[in-house]
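For the sequence shown, the UniProt record's numbering begins at 1 and goes up steadily by one.
Beta carbons: idealized from backbone N, C-alpha and C, even for Gly.
Note that this is a predicted model, so its numbers are computed, not measured.
Scroll down for the structure; my scribbles are underneath it.
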Amino acid sequence: MTEHILVPVDGSQPATAALEYAHERFPENRLTVLYVVDPMADYSRERSYPGYTADDEFKTEHEKGEAVLERVRERLPDDATVETALEAGKPSRVIVEYADDHDIDGIVIGSHGRSGAVRYLLGSVAEQVVRRAAVPVTIVRGSPDDEPSD
1 MTEHILVPVD GSQPATAALE YAHERFPENR LTVLYVVDPM ADYSRERSYP
51 GYTADDEFKT EHEKGEAVLE RVRERLPDDA TVETALEAGK PSRVIVEYAD
101 DHDIDGIVIG SHGRSGAVRY LLGSVAEQVV RRAAVPVTIV RGSPDDEPSD
């Protein structure tokens, strides 16, 4: 029986590592790669940088999500059974709800590995997913210095 594995991505190195891990560990399983558009990202960028122009960046988080998912499609072999999804909302909540609503059997998620005050201030999507998910969650750790590539 083929299992259905969810891999949330955000363009970061830990997310890429999670995707590679999921593909290597579950080569026969169906993978769904999910990018969650956080509506607050666009809002806070505009509020923090009045006059912000996105000439060198993606104009919106939605655009960034589409680009990240396209890179995922290019990165994986053609014979991989991979679906992509783009959803909006609070990332940890959307990931858990997506897993519940789409008969996901497991989640493989990257983590920046932050600790202490930085983790407290920024929160940890991976930690919240582990606490709330009804399916097994595998965390693929990255370095605290890893930053999103976009």
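Boundaries for S111: no alpha helix (DSSP H) harbours it, while the beta strand (DSSP E) harbouring it runs G106 to S111, taken from the DSSP string.
In this structure, V37 and L86 form a Cβ contact; the two beta carbons are roughly 7 Å apart against a cut-off of 8 Å. E74 counts as exposed, since fewer than 16 other beta carbons sit within 10 angstroms of its beta carbon. The C-alpha of V137 lies about 9 Å from the C-alpha of R131.
For D105 and V94, the gap between their C-alpha atoms comes out near 16 Å. In the three-state scheme derived from DSSP, where H, G and I count as helix and E and B as strand, S12 is classed as strand. Between the beta-carbon of V125 and that of Y21 there is about 17 Å, and that puts the pair past the 8 Å contact cut. Distance from the Cα of S111 is smallest, within the candidate group A15, A88 and I5, for A15. A direct Cα-to-Cα measurement between D78 and G11 gives close to 20 Å.
For L76, there is no enclosing beta strand (DSSP E), as DSSP marks it with neither H nor E. DSSP, reduced to helix, strand and coil, places V94 within a helical segment of the structure shown.
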